[in-house]
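Read the structure below first, then the notes.
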Amino acid sequence: MNGTEVQPRDGYDIELYGISNGSFYGIHIPAIVCIVTSFTCAVATLVLSFKSNSYRTFFTSWSKGNRFVVYLAICDGLFNIAHFTDHMHIVIARSHVYPRGLCEFYAFTLAVFITSQNLLVNIVAINAFLLVRSDKNIYFGTTDWRLLLWIFGAPFVGAIIAAGLGTFGPNGTFCYFDKVKGRITQIWFTTVPILVIFVVNAVLYFLTWLKIHRQTSNINKTSGKMSTTRTTSIRSAQAMSLFVVAFFIQWTAMGVFGLWGLFVAEVPQPIHHFVVILSNTGGTLNLVVFLIIRRRRLGIWKSNTRTSSLATKNNADKSKAMTEENDKAANDTPF
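Dropping the structure here:
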């Protein structure tokens with residue numbers, strides 16, 4: 001009996017990752033820096049969005065793409081707040097988060113908003129694919145209730161069930177799914193969904209890119225001109241696809257971490273570092289994408305203005321019609 005190894009009852013019985021090998025601060029300090037940067041960028045995205053559009057007309061006149069931006073920024077911001085306090089608590093105490101209820105709260109919040117982001121970007125990828133495939137825009141209902149119910153409601157219910165099963169707690173690095181009691185739940189709540197969404201997004205992204213490439217190539221070969229509606233759909237799909245690229249950058253390491261963890265008890269330390277850095281860059285990546293798309297739209301608007309001015313010199317009536325068409329194209333572009 002004396003030689004029997006005591007099995008850990010939960011994540012609190014496992015040593016905090018990085019304490020024994022000296023990598024403790026090397027994990028948590030970069031994570032905190034990335035979280036603060038991400039949160040700042042998420043706030044900047046919200047400020048820029050509401051500075052350009054009135055909050056009173058959010059559901060009536062804002063484009064779908066602009067609303068996507070706001071939802072992503074909210075997910076990033078709330079995720080960052082919970083994760084920042086979690087990491088700071090661990091750094092200051094140099095131990096697991098106590099009391100357990102607080103750790104479970106951090107874990108619950110992370111589970112909800114990580115899943116919400118993944119589901120939302122998956123919807124963006126599907127919408128982009130349908131736009132270039134059939135010029136179809138998914139209708140989410142008045143006030144986007146169908147979208148919001150899916151991206152926030154489903155993760156919330158799932159997290160409630162996980163909390164009821166007692167699977168939240170220390171995972172060895174921060175508060176998420178308990179490293180002992182929550183291994184199976186994490187596989188089905190995080191690892192499998194991320195891998196499935198990753199594959200689906202990759203396939204849809206490739207098909208979307210392929211469709212756009214073929215259509216633009218055919219137009220160039222025939223020296224033809226695409227209809228305004230078709231041009232708008234392609235621009236919308238290209239814009240949405242950038243958020244899918246940001247998703248790949250942010251969550252690839254997490255997917256690799258989860259997949260690796262299915263086969264071994266301890267994932268290599270470099271992957272730990274990639275996870276804590278990349279998974280905390282969501283707000284930064286989405287702000288970069290938002291600014292790229294905003295710059296593109298400004299370029300489209302200037303181009304349309306020059307075209308309309310030239311047309312005015314040639315024919316006033318023709319100019320009026322062209323201006324209306326160009327304005328429609330610019331306004332219909334979702335960013």
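Mapping the sequence shown onto full-length UniProt numbering, position 78 (from 1) lands on 78, and the numbers just tick up by one.
The C-beta atom is built at its ideal place from N, Cα and C for all residues, glycine as well.
Model, not experiment: these values are computed from the prediction.
_Check this for me: beta carbons of Leu119 and Ile81, under 8 Å apart or not?_
no
*Specify the secondary structure class of Phe140 as computed by DSSP and reduced to three states.*
coil
_Helix, strand or coil, according to DSSP, for Tyr176 in the structure here?_
strand
_I need the boundaries of the alpha helix (DSSP H) containing Pro155, first residue and last residue._
154 to 164
*Where does Pro270 fall in DSSP's three states?*
helix
*asked:* If contacts are defined as beta-carbon pairs under 8 Å, then Leu278 and Gln250 qualify, I think. What distance do you get, rounded to the angstrom?
replied: 6 Å
*Near Lys211, which residues of its chain fall below 6 Å by C-beta distance, leaving aside the five closest residues on each side in sequence?*
Val132
*Given that a residue counts as buried once 16 or more other Cβ atoms are within 10 Å of its Cβ, and exposed if not, what is Glu15?*
exposed
*Which whole-angstrom value describes the C-beta separation of residue 372 and Ser38, a residue pair presumed to lie in contact below a C-beta threshold of 8 Å?*
Only positions 1 to 335 of the chain appear in this structure, which leaves residue 372 out of reach.
*Look up residue 336 in the DSSP assignment and give the residues it is bridged to.*
The structure shown does not extend to residue 336, since the chain is modelled only from 1 through 335, so no value can be given for it.
*Mapping DSSP to helix, strand and coil, what is Asp332?*
Reliability fails at Asp332, whose pLDDT of 45 lies under 50, so the model's placement of it is uncertain and the value that follows must be treated cautiously. In this structure, Asp332 counts as helix in the three-state DSSP scheme.
*Where does His83 land, buried or exposed, given buried means 16+ other C-beta within 10 angstroms?*
buried
*If we ignore side chains and look at the alpha-carbon of each, how far apart do Asp13 and Thr142 end up?*
49 Å
*Can you tell me whether DSSP reads Ile249 as helix, strand or coil?*
helix
*asked:* DSSP three-state label for Thr60, please.
replied: coil
*For Thr333, does the count of other Cβ atoms within 10 angstroms reach 16, so buried, or fall short, so exposed?*
With a pLDDT of 46 at Thr333, under the threshold of 50, the modelled position of this residue cannot be trusted, and the question is left open.
*Phe189 vs Ala162 beta-carbon contact at 8 Å*: yes
*By the 10 Å Cβ neighbour count, where 16 or more other Cβ atoms means buried, how is Glu104 classified, buried or exposed?*
buried
*Straight-line gap, Tyr205 to Phe129 (C-alpha atoms, nearest Å)*: 7 Å
*Report the rounded CA-to-CA distance for Arg296 versus Gly65, giving the unit in angstroms.*
14 Å
*At least 3 beta-carbon pairs within less than 8 Å: the segment 261 to 270 vs the segment 36 to 55*: no
*asked:* Taking its Cβ as the centre, do 16 or more other Cβ atoms sit within 10 Å of Lys136, making it buried, or is it exposed?
replied: exposed
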